[in-house]
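Data first, discussion second: the structure below is written as structure tokens.
Numbering (my numbering), first residue to last: 320 to 418.
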């Protein structure tokens, strides 16, 4: 949701903070590509840019949801905030065992 702040270091810090497993993947890319995905999954994103001491500071607001999409591209689960990484992992394991 934040192409300006999406860095490998930030992703590592977020994964550690949220206890995400090594198999977790982030959707990253240029803003136009991300916007197409946001639209497809009905994710609302609002960017407010402010200038603080002459520096552009962006505040990102967005829908807080997570989808599990299988390899064939089918949506298998939807999580709406509040949810935890453990909730998502549990559903993934459940889907894996049913395949």
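Built from N, CA and C at the ideal position, the CB exists for glycine as well.
Terminal residues of the beta strand (DSSP E) in which residue i lies
i	result
residue 370	364–371
residue 402	Segment: none, residue 402 is in no beta strand (DSSP E) and carries neither H nor E.
residue 334	Unbroken run through residue 334 is the alpha helix (DSSP H), 327–337; no beta strand (DSSP E).
Simplified DSSP state of residue i, which is helix, strand or coil
i	result
residue 390	coil
residue 347	coil
residue 342	coil
residue 378	strand
Distance CB(residue i)-CB(residue j) smaller than 7 Å
i	j	result
residue 387	residue 377	no
residue 366	residue 379	yes
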